[in-house]
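Residue numbers (the working numbering), protein chains in the order written: chain G, 1 to 261; chain D, 1 to 202.
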């Protein structure tokens, strides 16, 4: 005997066409097994009717929406910075005086000269790194290697806060006095700077200058932590510190923070 | 009053940078996602986790959503997968947690005393968890969430015929888990008096 198993769910649901329903009815007349199954199915459907929809408990979707907000912020910032970068290249050519000092060619440490206080910057970089030319704020000390230091998000925020404090408390360094040529020395800047640029950081933007660059760890991953002093527009006073944390491995954006000046 | 935007329009708005569109999608569907997860996992705590996992997956993968399927079909699929993942994790966890303090401890099953809630729905939920997952998910989508069989087939990526057979077997399994005794089996129903040949088709 062939049982119309594939028709029974629709039979129970009452959605079978008349002709098929007649076939099932005729079969059930002579098949106790199928009658039993239909009866069990109906009991199950009725039982599931007691499973009322319940409201979503408090706190379930909040973290998801918060994450969405963070992702939007990151995406918006990266998109904005990329736009700035492409627009900034043209502006930089007109606004930034780049002086390439060839002090010993490829030898490290590289030397960077800066005309502090005038906004003009000289990046000690070879032609290959010309695209990474970057403004450095007065007082920039070069790449700080902080071995064994592991930052978390709160630590990154602290860097932002400290940067603001340092700006306010800053006494002009002897080699960074306005109108004089300053010489800074730091290790392997090209790698860190190009890595930052790849992550979407405002490298080369005339409205941003790098005030601090740290090589440490962020949540256990080797990272560059860069503090930029940002202005709302070219030749306007800076209004915030933006921290970028990028992976030294793949230059991906790991975290960020901002702090008003 | 203007018509509410379609899901697909909200997805487009989200992809073009409208942050509120994602919140609108979540608000519109969170209840359905949570209830599917609750019925699949049988525990509020697991349902919360599965719901968050599903919505985070939606957030991460929405940019790759091409609209070949309806958004709700895709959302259900993501939710079902989140439930399967969580159920698998829960099965593995008792073995792992002995040697790994980082893993969350597994809570004991809910206490038996539910005098302040519906006894019937609690019994049904418990019985539902005894139904094999592949049958259970079909029953929840069709019998609890009222989705047509074709939609269930699209969500799960299986033929409609398979949906029908899982639905049928799942319902019978649920009734048995609930201890339902068919009247015909006890000889109470006159129509059942006629003997069956007992031969079942494969």
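All residues carry an ideal CB built from backbone N, CA and C; glycine is no exception.
List, in order along the chain, the chain D residues whose C-beta lies closer than 8 Å to that of residue i?
i: residue 63 (chain G); result: 52
i: residue 69 (chain G); result: 19
i: residue 266 (chain G); result: What the structure shows of chain G is the stretch from 1 to 261, and residue 266 (chain G) is not part of that stretch, so it cannot be assessed.
Can you give me the C-alpha to C-alpha distance between residue i and residue j, rounded to a whole angstrom?
i: residue 141 (chain D); j: residue 79 (chain D); result: 11 Å
i: residue 50 (chain D); j: residue 57 (chain D); result: 10 Å
i: residue 3 (chain G); j: residue 38 (chain G); result: 12 Å
i: residue 160 (chain D); j: residue 138 (chain D); result: 11 Å
i: residue 248 (chain G); j: residue 192 (chain G); result: 8 Å
i: residue 18 (chain D); j: residue 59 (chain D); result: 13 Å
i: residue 158 (chain G); j: residue 71 (chain D); result: 42 Å
i: residue 198 (chain G); j: residue 61 (chain D); result: 23 Å
i: residue 65 (chain D); j: residue 255 (chain G); result: 26 Å
i: residue 7 (chain G); j: residue 18 (chain G); result: 12 Å
i: residue 54 (chain D); j: residue 16 (chain G); result: 35 Å
i: residue 233 (chain G); j: residue 195 (chain G); result: 24 Å
i: residue 71 (chain G); j: residue 151 (chain G); result: 21 Å
i: residue 264 (chain G); j: residue 253 (chain G); result: Residue 264 (chain G) is absent from the model: chain G starts at 1 and stops at 261.
i: residue 61 (chain G); j: residue 146 (chain G); result: 38 Å
i: residue 120 (chain D); j: residue 52 (chain G); result: 11 Å
i: residue 150 (chain D); j: residue 65 (chain G); result: 32 Å
i: residue 9 (chain G); j: residue 221 (chain G); result: 55 Å
i: residue 176 (chain D); j: residue 31 (chain G); result: 19 Å
i: residue 205 (chain G); j: residue 235 (chain G); result: 12 Å
i: residue 26 (chain G); j: residue 172 (chain D); result: 21 Å
i: residue 48 (chain D); j: residue 213 (chain G); result: 41 Å
i: residue 6 (chain D); j: residue 69 (chain G); result: 22 Å
i: residue 50 (chain G); j: residue 162 (chain G); result: 59 Å
i: residue 88 (chain D); j: residue 158 (chain D); result: 21 Å
i: residue 92 (chain D); j: residue 69 (chain D); result: 33 Å
For residue i, which residues in chain D fall below 7 Å Cβ to Cβ?
i: residue 293 (chain G); result: As shown, chain G starts at 1 and ends at 261. That puts residue 293 (chain G) outside it, with no answer to give.
i: residue 72 (chain G); result: 19
Below 8 Å CB to CB, which residues in the same chain sit around residue i once its five sequence neighbours on both sides are set aside?
i: residue 101 (chain D); result: Note that residue 101 (chain D) has pLDDT 40, beneath the 50 cutoff, so the model's placement of it is unreliable and the number below is only indicative. Answer for residue 101 (chain D): no residue qualifies.
i: residue 54 (chain G); result: none
i: residue 42 (chain D); result: 125, 126, 128 and 129
i: residue 74 (chain G); result: 253 and 256
Which chain G residues are close to residue i, counting only those with a beta carbon under 8 Å from its beta carbon?
i: residue 178 (chain D); result: 43, 44 and 47
i: residue 161 (chain D); result: 6
i: residue 44 (chain D); result: 57
i: residue 59 (chain D); result: 64, 67, 68 and 71
i: residue 171 (chain D); result: 9, 12, 40, 41, 44 and 45
i: residue 39 (chain D); result: 51
i: residue 82 (chain D); result: What residue 82 (chain D) touches in chain G: nothing, since even the nearest Cβ is about 12 Å away.
Let me check understanding here. Comparing Cα to Cα, which of the options lies closest to residue i?
i: residue 227 (chain G); options: G:62, G:215, G:220 and G:44; result: G:215
i: residue 67 (chain G); options: D:23, D:126, D:166 and D:171; result: D:23
i: residue 170 (chain D); options: D:132, D:36 and D:90; result: D:132
i: residue 13 (chain G); options: G:26, G:33, G:40 and G:30; result: G:40
i: residue 225 (chain G); options: G:148, G:156 and G:19; result: G:156
i: residue 147 (chain D); options: D:87, D:32, D:83 and D:3; result: D:32
i: residue 85 (chain D); options: D:69, D:4 and D:37; result: D:37
i: residue 44 (chain D); options: G:58, G:11, G:42 and G:50; result: G:58
Mind checking whether residue i and residue j have CB atoms under 8 Å apart?
i: residue 56 (chain G); j: residue 34 (chain D); result: yes
i: residue 46 (chain D); j: residue 90 (chain D); result: yes
i: residue 28 (chain D); j: residue 21 (chain D); result: no
i: residue 160 (chain G); j: residue 243 (chain G); result: yes
i: residue 261 (chain G); j: residue 167 (chain G); result: yes
i: residue 33 (chain G); j: residue 178 (chain D); result: no
i: residue 39 (chain D); j: residue 180 (chain D); result: no
i: residue 149 (chain G); j: residue 259 (chain G); result: no
i: residue 238 (chain G); j: residue 52 (chain D); result: no
i: residue 201 (chain G); j: residue 174 (chain D); result: no
i: residue 264 (chain G); j: residue 28 (chain G); result: Here chain G covers residues 1 to 261 and nothing more, so residue 264 (chain G) does not appear.
i: residue 168 (chain D); j: residue 219 (chain G); result: no
i: residue 67 (chain D); j: residue 8 (chain D); result: yes
Just to confirm my understanding: we take residue i, look at its own chain, exclude 5 residues before and 5 after, and list those with CB closer than 6 Å. What are they?
i: residue 155 (chain D); result: 73, 76 and 77
i: residue 108 (chain G); result: Caution is warranted here: a pLDDT of 41 is assigned to residue 108 (chain G), below 50, making its placement in the model unreliable, and the coordinate value is therefore given only provisionally. Closer than 6 Å at the Cβ level, and outside the excluded window around residue 108 (chain G), lies no residue.
i: residue 10 (chain D); result: 21, 24 and 25
i: residue 251 (chain G); result: 195, 198 and 199
i: residue 11 (chain G); result: 24
Sorted by chain position, which residues of the same chain lie with C-beta nearer than 7 Å to residue i's C-beta, five sequence neighbours on each side aside?
i: residue 152 (chain D); result: 138, 141, 142 and 163
i: residue 63 (chain D); result: 15
i: residue 153 (chain G); result: 255
i: residue 205 (chain D); result: Residue coverage of chain D in this structure runs from 1 to 202, which leaves residue 205 (chain D) outside it and unanswerable.
i: residue 231 (chain G); result: 207, 237, 238 and 239
Beta carbon of residue i: closer than 7 Å to some heavy atom of the ligand FAD?
i: residue 17 (chain D); result: No copy of the ligand FAD occurs in the structure displayed, which carries no ligand at all.
Name the chain G residues whose beta carbon is nearer than 7 Å to that of residue i?
i: residue 35 (chain D); result: 53 and 54
i: residue 182 (chain D); result: 36, 39 and 40
i: residue 207 (chain D); result: Only positions 1 to 202 of chain D appear in this structure, which leaves residue 207 (chain D) out of reach.
i: residue 143 (chain D); result: 45 and 48
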